[in-house]
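Notes to accompany the following structure.
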Amino acid sequence: GYEFTTLTCIPGVISYNGANIQLLDLPGIIEGASQGKGRGRQVISVAKTADLILMMLDAGKSDQQKMLLERELEAVGIRLNKKPPNIYVKQKKVGGVKFTNTVPLTHCNEKLIMTVLHEYKIFNADVIFREDCTVDEFIDVIQGNRVYMTCLYVYNKVDQISIEEVDRLARMPHHVVISCEMNLNMDYLLEKIWEYLALVRVYTKKPGNAPDGPEDGIILRGGATIEHCCHALHRSIAAQLRYAIV
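All letters in the sequence shown, in the order written, are residues 1 to 246 by full-length UniProt numbering.
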């Protein structure tokens, strides 16, 4: 197909593992999207609300597309496949800056941290570095508006490149290689989407009875508690619940 054939957000739904996963096919991001080119800001604002970004890339275009898209998303505060830095910053009214690090710092030092704080007009604060972070990561914490998102890089048209290049792409972290034309590796892509969404299915049952059928499972996020499960069924259940066996 041609590039830029998607001009508006096109919704779709995939049923997988008893869950309906909503997909939003967004217009392509071009260079300068973070400044608003090609309706880039609107596209990115929709992407920020997603649980997972699927970055569709042309396997024949090396890593140029990937680098461009990462740069544009980075410019608007989206951090792909990263966790929020383990840095504690609390502003105070008085007392100056108190800086502590619980691990050795190799990317920055106290003087650099003080300079950054002063640039942001922060003169009274408690700062604790609990991991070895860069200055850029520290700035992300100060600004507080960064979005940390999971991203799966999906390389299409792998039928048009060499086996060696397919192998190289497939071995890279967070990468999946597919061919829509040949319907190649699509099942594996669905498996990875499910894995990266980190969803779990919970089946309820009464003592002595068999669990509910596959279509009756409750879809919850990984790390959900019994309380979350109760709220998914009905708000009143959590207040009345005495115990649960998992």
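We put the CB at the ideal spot given by N, CA and C, even for glycine. Remember, it's a predicted structure, so these values are computed and weren't measured experimentally.
Contact between the stretch 53-65 and the stretch 7-15 is absent: fewer than three C-beta pairs spanning the two stretches fall below 8 angstroms. Bounds of the alpha helix (DSSP H) holding Met114 are Glu110 to Glu119.
The stretch 171-195 is shown to contain whole beta strand (DSSP E) runs of 3 or more residues at 175-177, in chain order.
DSSP places Asp126 in the strand class (E or B) of the three-state scheme.
At the C-beta level, Ile44 and Ile78 come within 9 angstroms of one another. Around the beta carbon of Cys151, 16 or more other beta carbons sit within 10 angstroms, so the residue counts as buried. Put simply, the backbone Cα of Val176 is about 21 angstroms away from that of Glu72. By the 16-neighbour rule on beta-carbons within 10 angstroms, Asn156 is buried.
In the displayed model, Ser236 falls within a helix according to three-state DSSP.
Contact annotation: Pro85 and Val141 have beta-carbon atoms nearer than 9 angstroms.
Taken in chain order, the complete alpha helix (DSSP H) segments of 4 or more residues contained in the stretch 27-82 are 40-47 and 64-75.
Here His231 has Ala238 as same chain residues with Cβ atoms under 7 angstroms from its own Cβ, once five neighbours each way along the sequence are excluded. Only exposed fits Val94, as fewer than 16 other CB atoms lie within 10 angstroms of its CB. DSSP places Gln91 in the uninterrupted beta strand (DSSP E) bounded by Ile87 to Gln91.
Between the stretch 96-113 and the stretch 122-136, the count of Cβ pairs shorter than 8 angstroms is three or higher; the stretches touch. When secondary structure is reduced to three states using DSSP, Leu197 falls in the helix class. At the C-beta level, Leu80 and Ile29 stay beyond 9 angstroms of one another. Taken through DSSP and simplified to helix, strand or coil, Ile14 comes out as strand.
At a Cβ-Cβ threshold of 9 angstroms, Gln91 and Ile122 count as neighbours. Annotation: Cys229 to Gln240 spans about 13 angstroms, alpha carbon to alpha carbon.
DSSP places Asp140 in the uninterrupted alpha helix (DSSP H) bounded by Val135 to Gln143. Residues of the same chain with a CB within less than 7 angstroms of the CB of Ile113, apart from the 5 flanking positions on each side, are Phe99, Val127 and Phe138 in chain order.
The C-beta separation of Asp51 from Leu197 comes to about 6 angstroms, placing the pair in contact by the 8 angstroms criterion.
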